[in-house]
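Residue numbers (the working numbering): 390 to 508.
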Amino acid sequence: MTRPVQRYLGACHCGGVRFAITTDFPELTQCDCSMCKRRSATMVKVHESAFELLAGAELLTAYQFHTHTARHFFCKVCGIYPFHRKRVTPDNFGINVACLDDFDPTGIPLRQAMGAAMP
Ligand SMILES: [Zn+2]
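Printed below as a string of structure tokens:
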């Protein structure tokens with residue numbers, strides 16, 4: 390069961406990076422790739438048209454590995470990962486839902502993504 394489409398605000402820990410997403414939260418994902426298992430984030434996927442970077446572009450550093458398609462952003466001040474550009478669907482962002490203001494994941498299905506098995 391999805392939620393009404395709504396705009397959610399998010400930020401890194403220091404507040405330098407601020408963003409908004411618009412989504413109905415069809416699902417949340419966790420991933421077992423070498424990156425995700427270390428940062429242990431729960432994510433929601435949104436198309437780039439549903440993503441707004443409100444502040445902090447100059448604070449974002451991109452980390453890339455393996456195929457160098459995905460771009461994993463983190464705040465260079467506080468080190469928090471707020472979102473990344475996805476590898477298989479590079480016009481989409483994966484959003485760290487723990488960075489969203491007042492977000493309650495109750496009732497949203499959680500899917501395990503098999504990142505480690507991807508070539
Ligand atoms: Zn920060």
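Cβ coordinates follow ideal geometry from the N, Cα and C atoms, glycine included.
With contact defined as three or more Cβ pairs closer than 8 angstroms, the segment 493–500 and the segment 438–448 are not in contact.
With contact defined as three or more Cβ pairs closer than 8 angstroms, the segment 429–436 and the segment 448–462 are not in contact. For V394, the CB contacts under 8 angstroms within the same chain, skipping 5 residues up- and downstream, are T411, T412, D413 in chain order.
If you look at C425, you'll find it in the alpha helix (DSSP H) that goes 425–428.
Assigned with DSSP and collapsed to three states, A459 falls in coil, not helix or strand. Remark: fewer than three beta-carbon pairs, one from each stretch, lie closer than 8 angstroms, so the segment 457–464 and the segment 484–496 are not flagged as touching. Judged by beta-carbon spacing, F472 lies within the 8 angstroms limit of F482, meaning their Cβ atoms are closer than that value.
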